[in-house]
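Asks:
2 protein chains.
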Amino acid sequence: MAKLVERESRKNDPQKTKEDILNIATEEFSAFGLSGARVDAIAEKTRTSKRMIYYYFGSKEGLYLAVLEKAYRKIRSLEADLELADLPPVEALRTLIASTFDHDEKNPDFVRLVSIENIHHASHMKRSSEIGELNLSIVRTIDEILDRGRREGVFRRDIDAIDLHMLISAFCFFRVSNRYTFGTIFHRELSEPDLYNRHKQMIADAVTAYVTCQPKL
Amino acid sequence: MAKLVERESRKNDPQKTKEDILNIATEEFSAFGLSGARVDAIAEKTRTSKRMIYYYFGSKEGLYLAVLEKAYRKIRSLEADLELADLPPVEALRTLIASTFDHDEKNPDFVRLVSIENIHHASHMKRSSEIGELNLSIVRTIDEILDRGRREGVFRRDIDAIDLHMLISAFCFFRVSNRYTFGTIFHRELSEPDLYNRHKQMIADAVTAYVTCQPKL
DNA sequence: TTGATAATGTACTAACCAGTACGTGTCAAT
DNA sequence: ATTGACACGTACTGGTTAGTACATTATCAA
Numbered sequence: 001m002a003k004l005v006e007r008e009s010r011k012n013d014p015q016k017t018k019e020d021i022l023n024i025a026t027e028e029f030s031a032f033g034l035s036g037a038r039v040d041a042i043a044e045k046t047r048t049s050k051r052m053i054y055y056y057f058g059s060k061e062g063l064y065l066a067v068l069e070k071a072y073r074k075i076r077s078l079e080a081d082l083e084l085a086d087l088p089p090v091e092a093l094r095t096l097i098a099s100t101f102d103h104d105e106k107n108p109d110f111v112r113l114v115s116i117e118n119i120h121h122a123s124h125m126k127r128s129s130e131i132g133e134l135n136l137s138i139v140r141t142i143d144e145i146l147d148r149g150r151r152e153g154v155f156r157r158d159i160d161a162i163d164l165h166m167l168i169s170a171f172c173f174f175r176v177s178n179r180y181t182f183g184t185i186f187h188r189e190l191s192e193p194d195l196y197n198r199h200k201q202m203i204a205d206a207v208t209a210y211v212t213c214q215p216k217l
Numbered sequence: 001m002a003k004l005v006e007r008e009s010r011k012n013d014p015q016k017t018k019e020d021i022l023n024i025a026t027e028e029f030s031a032f033g034l035s036g037a038r039v040d041a042i043a044e045k046t047r048t049s050k051r052m053i054y055y056y057f058g059s060k061e062g063l064y065l066a067v068l069e070k071a072y073r074k075i076r077s078l079e080a081d082l083e084l085a086d087l088p089p090v091e092a093l094r095t096l097i098a099s100t101f102d103h104d105e106k107n108p109d110f111v112r113l114v115s116i117e118n119i120h121h122a123s124h125m126k127r128s129s130e131i132g133e134l135n136l137s138i139v140r141t142i143d144e145i146l147d148r149g150r151r152e153g154v155f156r157r158d159i160d161a162i163d164l165h166m167l168i169s170a171f172c173f174f175r176v177s178n179r180y181t182f183g184t185i186f187h188r189e190l191s192e193p194d195l196y197n198r199h200k201q202m203i204a205d206a207v208t209a210y211v212t213c214q215p216k217l
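Protein chains in written order, with our numbering: chain H, 1 to 217; chain C, 1 to 217.
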């Protein structure tokens with residue numbers, strides 16, 4: 001007797017298979033960390049099998065690295081398209097801050113992956129040629145704004161672009177990365193719209209106040 | 001024939017055994033995370049055996065929670081002893097910021113544990129009655145400073161103490177928690193003394209500039 | 001059509017790792 | 001000195017998990 005269940009014929013779609021794996025893996029690694037994530041769990045949630053993970057990515061760490069690289073590739077692509085050259089320096093800065101703030105708010109997965117990578121001393125990132133060459137354009141952008149501000153006499157002169165980027169980044173990142181412990185200790189839901197707006201305003205105010213103030217001795 | 005090797009007699013020292021385990025475990029969890037740390041590895045580095053870990057802490061998670069609680073207990077004890085009441089508001093604030101800055105700088109283990117706990121959605125912290133009751137005195141301290149500053153007319157009036165604490169904390173924490181990725185991307189060694197001083201100055205300047213500036217509309 | 005290569009599925013393995021069974025040693029109070 | 005509770009060590013187990021062996025199907029170029 002012939003098989004009653006017709007086995008549906010397999011479709012080869014390497015592109016999609018890879019992407020599917022990467023997407024699921026991003027969720028899993030971001031949720032459980034590198035050692036916490038389970039390859040089997042990833043495989044199960046995929047359209048395909050564990051075999052394919054090793055076929056395309058070689059190892060768990062290989063998959064993790066691919067996830068990390070994809071995450072950084074995404075932010076690099078987002079970084080370019082801000083038109084700030086024709087805004088006055090303070091406005092340009094505020095726009096940039098708002099964009100950083102929203103980016104972290106909208107990409108908790110990315111934030112978590114970066115946190116995880118820091119737990120691992122950024123060792124995978126260091127080994128990645130792709131990420132290693134990230135020469136973040138955001139710093140150039142900040143540098144230009146600072147330069148214009150100084151020439152126009154509205155900014156203090158002793159500010160380093162990378163330092164300033166860190167000041168901005170730190171707040172935006174922390175709000176997302178430490179959402180849970182901070183929220184628990186202070187009984188605040190850091191994802192509420194009220195706080196979102198207030199915090200966005202605060203970091204913009206703080207940074208602009210800083211860059212426009214006179215240096216303390 | 002009698003044993004040639006005299007087995008040295010065992011000493012029971014439960015206090016020390018517990019502490020020993022806790023100290024090693026703190027290192028291990030902070031280095032590898034909750035899922036990355038290995039109970040066997042912890043046991044080996046201990047004077048005692050794996051058996052004792054389960055004897056005193058019940059499970060790997062139990063041990064992790066004990067580590068976390070000890071870490072938070074430590075900061076709570078450090079928080080109290082700042083004498084700020086007789087300083088002018090701006091100076092009081094700068095002192096407080098310096099203290100937060102140094103605390104995170106000197107306690108990377110604590111910072112890493114908090115990062116790890118955030119990866120886990122602060123779930124252990126929530127379950128801990130001890131940590132759950134952390135009603136951080138630092139916020140009260142900030143509140144008092146803000147109050148005095150407002151009364152003296154030097155601070156803007158629309159600042160929330162917890163928000164301000166977050167602004168300060170975020171920078172101090174990020175500098176340590178994201179040391180590796182940030183350092184790798186921007187080719188900066190965030191532990192260098194030069195940067196240490198500059199950053200300490202910067203966060204103090206930024207926060208004081210913010211609290212003393214006029215609100216933007 | 002064919003055959004080479006790329007893509008995929010199934011079933012397995014070996015190592016690892018949290019947790020335990022079971023027994024021994026310590027010490028203080030009686 | 002005995003006893004009982006606490007402290008501790010050794011050796012093991014059973015489930016988990018990263019990774020693989022092997023067979024099969026799809027695809028496409030010649």
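All C-beta atoms in this analysis are idealised placements derived from N, C-alpha and C, irrespective of residue type, glycine included.
(1) Which residues mark the beginning and the end of the alpha helix (DSSP H) in which Leu-167 (chain H) is found?
(2) Tell me the DSSP secondary structure of Ala-204 (chain C) in three-state form.
(3) Could you give the distance in angstroms between the alpha-carbon of His-121 (chain H) and the alpha-carbon of Leu-93 (chain H)?
(4) Assuming Ile-75 (chain H) contacts Thr-46 (chain H) (C-beta within less than 8 Å), just tell me the rounded distance between them.
(5) Between the segment 203-214 of chain C and the segment 159-169 of chain C, can you find at least three pairs of beta-carbon atoms closer than 8 Å?
(6) Can you look up Glu-61 (chain H) in the DSSP assignment and give me helix, strand or coil?
(7) Tell me, to the nearest whole angstrom, how far the beta carbon of Leu-134 (chain H) is from that of Tyr-72 (chain H); I am working on the premise that it is less than 8 Å.
(8) Starting from Ala-25 (chain H), trace the alpha helix (DSSP H) both ways and give me its first and last residue.
(9) Given a threshold of 16 other Cβ atoms within 10 Å of its Cβ, counted over all protein chains shown, does Arg-198 (chain C) qualify as buried or as exposed?
(10) List the residues of chain C whose Cβ lies closer than 7 Å to the Cβ of Glu-117 (chain H), in chain order.
(11) Quick one, which of H:Glu-79, H:Ser-115, H:Ile-119 and H:Asn-118 has its alpha-carbon nearest Asp-102 (chain H)'s?
(12) Taking one C-beta from the segment 105-123 of chain H and one from the segment 171-179 of chain H each time, how about it: are there three or more such pairs within less than 8 Å?
(13) Please tell me whether Thr-184 (chain H) has its Cβ less than 8 Å away from any Cβ of chain C.
(14) If contact means a Cβ-Cβ distance below 9 Å, which residues of the segment 121-139 of chain H contact chain C?
(15) By Cβ distance below 7 Å, which residues in the same chain neighbour Val-39 (chain H) in space, the five residues on each side in sequence not counted?
(16) Could you give the first and the last residue of the continuous alpha helix (DSSP H) run that contains Lys-11 (chain H)?
(17) So, for Pro-89 (chain H): in the same chain, excluding its five sequence neighbours on each side, which residues have a beta-carbon less than 7 Å away from its beta-carbon?
(18) Grouping DSSP H, G and I as helix and E and B as strand, with all else coil, what is Arg-148 (chain C)?
(19) Can you pull out the residues from the segment 37-53 of chain C whose beta carbon lies closer than 9 Å to at least one beta carbon of chain H?
(20) So Ile-75 (chain H) contacts chain C; which residues on that side make the cut at Cβ distance below 8 Å?
(21) Could you please give the first and the last residue of the uninterrupted alpha helix (DSSP H) stretch that includes Arg-94 (chain C)?
(22) Assuming Thr-95 (chain H) and Leu-84 (chain H) make a contact with CB atoms under 8 Å, what is their CB distance in whole Å?
(23) Does the CB of Asp-163 (chain H) have a neighbour CB from chain C at under 8 Å?
(24) Determine which residues of the segment 166-179 of chain H have a Cβ less than 8 Å from any Cβ of chain C, and write them out in chain order.
(25) Hey, could you find the ends of the alpha helix (DSSP H) Arg-127 (chain H) is sitting in?
(26) Output, in chain order, the set of chain H residues within a Cβ distance shorter than 9 Å of Ser-35 (chain C).
(27) Less than 8 Å between the C-beta atoms of Leu-136 (chain H) and Ile-185 (chain C), yes or no?
(28) Please return the same chain residues whose Cβ sits closer than 6 Å to the Cβ of Lys-200 (chain H), not counting the five positions on each side in sequence.
(29) Once the 5 residues before and after Met-166 (chain H) are set aside, which same chain residues still bring their CB inside 6 Å of it?
(30) Just to confirm before moving on: does the CB-CB distance between Ile-203 (chain C) and Phe-171 (chain C) stay below 8 Å?
(31) Can the beta-carbon of Thr-181 (chain H) be found closer than 8 Å to that of Asn-107 (chain C)?
(32) Among H:Ala-66, H:Leu-87 and H:Ile-138, which one has its Cα closest to the Cα of Ser-30 (chain H)?
(33) Quick one: Cα of Gly-62 (chain C) to Cα of Glu-27 (chain C), how far?
(34) Taking all protein chains shown into account, decide if Val-5 (chain C) is buried (16 or more other Cβ within 10 angstroms of its Cβ) or exposed.
(35) Mapping DSSP to helix, strand and coil, what is Ala-41 (chain H)?
Replies: In short, the structure shows the following:
(1) For the purposes of this step, residue 167 (chain H) is identified with residue 167 of the first sequence, where counting begins at 1. 161-177 is the extent of the alpha helix (DSSP H) around Leu-167 (chain H).
(2) Stepping through the second sequence from its first residue, residue 204 (chain C) is reached at position 204. Reduced to three states, the DSSP call for Ala-204 (chain C) is helix.
(3) Walking along the first sequence from the start, residue 121 (chain H) turns up at place 121. Walking along the first sequence from the start, residue 93 (chain H) turns up at place 93. So the two alpha carbons sit approximately 31 Å from each other.
(4) Working through the first sequence from its first residue, we reach residue 75 (chain H) at position 75. Working through the first sequence from its first residue, we reach residue 46 (chain H) at position 46. That belief does not hold up - the Cβ atoms of Ile-75 (chain H) and Thr-46 (chain H) are roughly 25 Å apart, past 8 Å.
(5) yes
(6) Position 61 of the first sequence, counted from the first residue, corresponds to residue 61 (chain H). If DSSP states are grouped into helix, strand and coil, Glu-61 (chain H) belongs with the helices.
(7) Taking the first sequence and counting its residues from 1, one reaches residue 134 (chain H) at position 134. Taking the first sequence and counting its residues from 1, one reaches residue 72 (chain H) at position 72. About 6 Å separates the two Cβ atoms, so the contact holds.
(8) Taking the first residue of the first sequence as position 1, residue 25 (chain H) is located at position 25. Residues 14-36.
(9) Position 198 of the second sequence holds residue 198 (chain C). Exposed, since its Cβ has fewer than 16 Cβ neighbours within 10 Å.
(10) In the first sequence, residue 117 (chain H) corresponds to position 117, counting from 1. Under the 7 Å cutoff, chain C gives Thr-181.
(11) Position 102 of the first sequence, counted from the first residue, corresponds to residue 102 (chain H). Checking every option, the nearest Cα to that of Asp-102 (chain H) belongs to H:Glu-79.
(12) yes
(13) Against the first sequence, residue 184 (chain H) aligns to sequence position 184. Yes - at least one Cβ of chain C is within 8 Å of the one on Thr-184 (chain H).
(14) His-121, Ala-122, Ser-123, Met-125, Lys-126, Ile-131, Gly-132, Leu-134, Asn-135, Leu-136 and Val-139
(15) In the first sequence, counting from the first residue as 1, residue 39 (chain H) sits at position 39. Here the set comprises Lys-50, Ile-53 and Lys-60.
(16) Looking up residue 11 (chain H) in the first sequence gives position 11. Careful: Lys-11 (chain H) lies outside any alpha helix (DSSP H) and carries neither H nor E.
(17) Within the first sequence, the letter at position 89 stands for residue 89 (chain H). Excluding positions up to five away in sequence, the list reads Ile-145, Arg-148, Gly-149, Glu-152, Val-154 and Phe-155.
(18) Numbered from 1 along the second sequence, position 148 holds the residue referred to as residue 148 (chain C). Helix.
(19) Ala-37
(20) Taking the first sequence and counting its residues from 1, the one referred to as residue 75 (chain H) is at position 75. In chain order: nothing, as chain C lies at least about 11 Å away.
(21) Your numbering for residue 94 (chain C) matches position 94 in the second sequence. Run containing Arg-94 (chain C): 89-106, per the alpha helix (DSSP H) assignment.
(22) Locating residue 95 (chain H) in the first sequence gives position 95, where the first residue counts as 1. Locating residue 84 (chain H) in the first sequence gives position 84, where the first residue counts as 1. Between Leu-84 (chain H) and Thr-95 (chain H) the Cβ distance is about 6 Å, and since that is below 8 Å, they are a contact.
(23) The sequence position of residue 163 (chain H) within the first sequence is 163, counting from 1. So yes, Asp-163 (chain H) belongs to the interface.
(24) Met-166, Leu-167, Ser-169, Ala-170, Phe-171, Phe-173, Phe-174, Arg-175, Ser-177, Asn-178 and Arg-179
(25) On the first sequence, position 127 is the one that residue 127 (chain H) refers to. Note, Arg-127 (chain H): alpha helix (DSSP H), 123-127.
(26) Here the question's residue 35 (chain C) lines up with position 35 in the second sequence. Under the 9 Å cutoff, chain H gives Phe-32, Gly-33, Leu-34, Ser-35, Gly-36 and Ala-37.
(27) Sequence index remark: in the first sequence, residue 136 (chain H) carries index 136 (1-based). Sequence index remark: in the second sequence, residue 185 (chain C) carries index 185 (1-based). Closer than 8 Å, so yes.
(28) Within the first sequence, the letter at position 200 stands for residue 200 (chain H). Phe-101, listed in sequence order.
(29) Start at 1 with the first residue of the first sequence, and residue 166 (chain H) comes out as number 166. Cβ within range, chain order: n/a, list empty.
(30) Here residue 203 (chain C) refers to the residue found at position 203 when the second sequence is read from its first residue. Here residue 171 (chain C) refers to the residue found at position 171 when the second sequence is read from its first residue. Closer than 8 Å, so yes.
(31) Taking the first sequence and counting its residues from 1, one reaches residue 181 (chain H) at position 181. Taking the second sequence and counting its residues from 1, one reaches residue 107 (chain C) at position 107. Not in contact: Thr-181 (chain H) and Asn-107 (chain C) (Cβ atoms no closer than 8 Å).
(32) Along the first sequence, one-based indexing puts residue 30 (chain H) at 30. It is H:Ala-66.
(33) Position 62 of the second sequence, counted from the first residue, corresponds to residue 62 (chain C). Position 27 of the second sequence, counted from the first residue, corresponds to residue 27 (chain C). Each residue's alpha carbon lies about 16 Å from the other.
(34) Within the second sequence, numbered from 1, the residue matching residue 5 (chain C) stands at position 5. Because Val-5 (chain C) sits at a pLDDT of 36, beneath the cut-off of 50, its placement in the model cannot be relied upon, and the following sentence gives the value as read from the coordinates. Exposed, by the Cβ-count rule.
(35) Taking the first sequence and counting its residues from 1, the one referred to as residue 41 (chain H) is at position 41. Helix at Ala-41 (chain H).
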